[in-house]
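Just so we're on the same page, our numbering is the position in the sequence shown counted from 1, plus 68.
Beta carbons: idealized from backbone N, C-alpha and C, even for Gly.
Because the structure is a prediction, the values reported are computed rather than measured.
Notes to accompany the following structure.
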Amino acid sequence: MGRGKPLTDYEQGLIDANSALVMSNRQIAVFIGRSLSVVNNYIKDPRHYGTKKPPGPPSLLSDRDKRNIVHKASNGISIESDPNIFDDPMVWLATPAVHFFRGFWLGSCIKRGHEIYSEWYTIRPQQQKWGREMNS
69 MGRGKPLTDY EQGLIDANSA LVMSNRQIAV FIGRSLSVVN NYIKDPRHYG
119 TKKPPGPPSL LSDRDKRNIV HKASNGISIE SDPNIFDDPM VWLATPAVHF
169 FRGFWLGSCI KRGHEIYSEW YTIRPQQQKW GREMNS
């Protein structure tokens, strides 16, 4: 279904002025010749009228966390040289096998991504098993 044209600045000003004069939304819609829905949507949140919402759920990681992960991966840190690399829960949250396999977090370090993917795939189940034994 098609969309109507968005409100112009002039129409938005008319809605603001008539709303301040305690005119009903239906009366405002008839007065400016637009639908009640567009008037209601504008009055509900005038600052964000006409802006698009970002797609998908919000990111679990900040840009800083993503940069730190890329930095650690591109520096060639392996699990053997730094066994504490995956102690940070944010790293586990941000580095599922799919992302490392596709080189998503690593940018140009795709070869290094395959190495980290294989390390991640072998150590992650061991850490989960160890965590269950410790919690039991």
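Per DSSP, what kind of secondary structure is residue i in: helix, strand or coil?
| i | result |
| --- | --- |
| Pro164 | In this prediction, Pro164 has a pLDDT of 47, which is less than 50 and means its spatial position is unreliable; what the coordinates show is noted afterwards. If DSSP states are grouped into helix, strand and coil, Pro164 belongs with coil. |
| Tyr110 | helix |
| Lys73 | coil |
| Lys121 | coil |
| Gly175 | Model confidence at Gly175 stands at a pLDDT of 44, short of 50, so the residue's coordinates are unreliable and nothing is read from them. |
Return the CA-CA distance between residue i and residue j, expressed in angstroms with no decimal places.
| i | j | result |
| --- | --- | --- |
| Asn136 | Pro74 | 42 Å |
| Asn86 | Arg71 | 25 Å |
| Lys134 | His116 | 29 Å |
| Glu79 | Gly118 | 13 Å |
| Thr76 | Ala88 | 18 Å |
| Pro114 | Ser103 | 16 Å |
| Lys120 | Gly81 | 21 Å |
| Arg132 | Ala97 | 47 Å |
Over what stretch of residues does the alpha helix (DSSP H) that includes residue i continue unbroken?
| i | result |
| --- | --- |
| Tyr78 | Asp77 to Ala88 |
| Arg102 | From DSSP, Arg102 is part of no alpha helix (DSSP H); its letter is neither H nor E. |
Rank the options by C-alpha distance to the C-alpha of residue i and give the top, closest one.
| i | options | result |
| --- | --- | --- |
| Ile100 | Ile83, Lys112, Leu89 and Pro114 | Ile83 |
Inter-stretch contact (C-beta, 8 Å, three-pair minimum) for the stretch 90 to 99 and the stretch 115 to 135: As far as the Cβ criterion goes, the stretch 90 to 99 does not touch the stretch 115 to 135, which means the pair count is below three.
Touching or not, the stretch 107 to 116 and the stretch 131 to 143, by the rule of three or more beta carbon pairs under 8 Å? Short answer: they don't touch.
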